[in-house]
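Peer 1: I have a structure I would like to understand better, so I am pasting it below and will then ask my questions one at a time.
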Amino acid sequence: MGRAKGWFRARRWWQQIALVMLCIVLAPIPCILLLGVVNPPITMVMLGRVTDRLLSGERPVWPAHDPVSRAEFSPYLRRAVLASEDDRFYLHRGIDFVELEKALERRRQGGRLRGASTLTQQVVKNVFLWNGRSFIRKGFEAYLALCMDFLLSKERILDLYLNLAEWGPNAFGAEAGARYQFGKSARNLTREEAARMAAILPAPRRWPAKGRVASQRVGTILARMQYPAPKVAPEVTSRSPAPRRRPAPPR
6 MGRAKGWFRA RRWWQQIALV MLCIVLAPIP CILLLGVVNP PITMVMLGRV TDRLLSGERP
66 VWPAHDPVSR AEFSPYLRRA VLASEDDRFY LHRGIDFVEL EKALERRRQG GRLRGASTLT
126 QQVVKNVFLW NGRSFIRKGF EAYLALCMDF LLSKERILDL YLNLAEWGPN AFGAEAGARY
186 QFGKSARNLT REEAARMAAI LPAPRRWPAK GRVASQRVGT ILARMQYPAP KVAPEVTSRS
246 PAPRRRPAPP R
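To convert, take the position in the sequence shown, counting from 1, and add 5; that gives our numbering.
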């Protein structure tokens, strides 16, 4: 009798754990679907910055953030961001295993372990997650990125990124970033200004768009911008040896 009660309790315990895990897995899906039609007014990264500024006494505490429609971005900005941050954006499904393998190979050869986060992963991190490098956070990030790529279009994910990315101290989104960096609207950015905006994305609070680091990086980004972001993976073909020529018959 005691064993039966113990087995029943263990079964109920595992059922409760499974239910909690199922809720954790399914809970983000309605939120991601909502992002398909709504620009979030605040994100986890913004809340973190608000807390930092509040504790340090910086003002204003609330970030500059003015979401705009796709038509209100400079036509150069979308390509510049892809060229700088995720040129394989249209080829992967939220996680770029090709770039991830390259990053791990560089690490195995003694180089720095550079991030291989896609734009989708960055959107997920900005909206839902906390800063950090723990395996738990990266696991959530990977799962949410796969869900977002499945549920939303690529163009919508790119819109979200442009409206949520940090583009300067207390400036979030391309509109606030363009006004902070160049004193103009995001729709009026020139090709080089868009490339400079993209160049500072790895460290927007430390690198000004007109600064030395942006000037070093802008040439590479402009060169990539000459070509559209690839949307079809190149075909891998095996090179067969060229057929040997038969000697010409004697005349």
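C-beta: ideal position from N, C-alpha, C; glycine also.
Among all the DSSP beta bridges, which residues are the ones paired with Phe177?
Peer 2: Note: Phe177 sits in a beta bridge opposite His70, Glu171.
Peer 1: Going by other Cβ atoms of all chains shown within 10 Å of its Cβ, with 16 needed for buried, is Asp101 buried or exposed?
Peer 2: Buried, since its Cβ has 16 or more Cβ neighbours within 10 Å.
Peer 1: Please classify Ser220: does DSSP put it in a helix, a strand, or coil?
Peer 2: If DSSP states are grouped into helix, strand and coil, Ser220 belongs with the helices.
Peer 1: Look at the Cβ atom of Leu87, then the Cβ atom of Ala234, and state whether they are nearer than 8 Å.
Peer 2: Contact flag set, yes.
Peer 1: Whole angstroms is fine: what's the gap from Met49's alpha carbon to Lys130's?
Peer 2: Each residue's Cα considered, the two are about 8 Å apart.
Peer 1: Mark Leu157 as exposed unless 16 or more other C-beta atoms lie within 10 angstroms of its C-beta, in which case mark it buried.
Peer 2: So Leu157 counts as buried.
Peer 1: Below 8 Å CB to CB, which residues in the same chain sit around Arg83 once its five sequence neighbours on both sides are set aside?
Peer 2: Cβ within range, chain order: Leu163, Leu167.
Peer 1: Find the nearest neighbour of Ala108 within the set Ala170, Ala208, Ala121, judged by alpha-carbon distance.
Peer 2: Ala108 has its Cα closest to that of Ala121, out of Ala170, Ala208, Ala121.
Peer 1: Cys152: which of Ile29, Ala23, Pro33, Ile22 sits nearest, CA to CA?
Peer 2: The shortest Cα separation from Cys152 among Ile29, Ala23, Pro33, Ile22 belongs to Pro33.
Peer 1: Quick one: is Pro46 buried, meaning 16 or more other Cβ sit within 10 Å of its Cβ, or exposed?
Peer 2: Burial call: exposed.
Peer 1: Buried or exposed for Val43, going by 16 or more other Cβ atoms inside 10 Å?
Peer 2: The residue in question, Val43, is exposed, as its Cβ has fewer than 16 Cβ neighbours within 10 Å.
Peer 1: Would you grab the beta carbon distance between Glu180 and Val73 for me? Rounded to a whole angstrom, and I think it's under 8 Å.
Peer 2: About 5 Å separates the two Cβ atoms, so the contact holds.
Peer 1: Should Ser245 go down as buried or exposed, given a rule of 16 or more other Cβ atoms within 10 Å for buried?
Peer 2: Since pLDDT at Ser245 reaches only 41, below the 50 mark, its modelled position is unreliable, and no value is offered.
Peer 1: Report yes if the C-beta distance between Phe94 and Leu134 is below 8 Å; otherwise report no.
Peer 2: The answer is no: Cβ separation not under 8 Å.
Peer 1: Buried or exposed, going by whether 16 or more other CB atoms sit within 10 Å of the CB of Ile205?
Peer 2: Buried.
Peer 1: When you compare each of Val237, Leu194, Gln114 to Ala321 by their alpha carbons, which one comes out closest?
Peer 2: The chain is shown from 6 up to 256; residue 321 falls before or after that span and cannot be answered.
Peer 1: Near Leu149, which residues of its chain fall below 7 Å by C-beta distance, leaving aside the five closest residues on each side in sequence?
Peer 2: Taken in chain order, the residues that qualify are Pro33, Val129, Phe133.
Peer 1: If we ignore side chains and look at the alpha-carbon of each, how far apart do Tyr81 and Trp18 end up?
Peer 2: Computed Cα separation, rounded: 55 Å.
Peer 1: Just to confirm the assignment, what range does the alpha helix (DSSP H) spanning Tyr1 have?
Peer 2: There is no way to answer for residue 1, as the model of the chain reaches only from 6 to 256.
Peer 1: Tell me which residues share the same chain as Glu110 and place their Cβ nearer than 6 Å to its Cβ, disregarding the 5 neighbours each side in the sequence.
Peer 2: Contacts found: none.
Peer 1: In three-state terms, what does DSSP make of Leu134?
Peer 2: Coil.
Peer 1: Which whole runs of the alpha helix (DSSP H) in the segment 23-66 are 4 residues long or more, in chain order?
Peer 2: The segment 23-66 contains these whole alpha helix (DSSP H) runs: 33-40, 49-61.
Peer 1: Less than 8 Å between the CB atoms is what I'm expecting for Ala191 and Glu77, so what's the real figure, rounded?
Peer 2: The Cβ separation is near 6 Å, so the contact holds.
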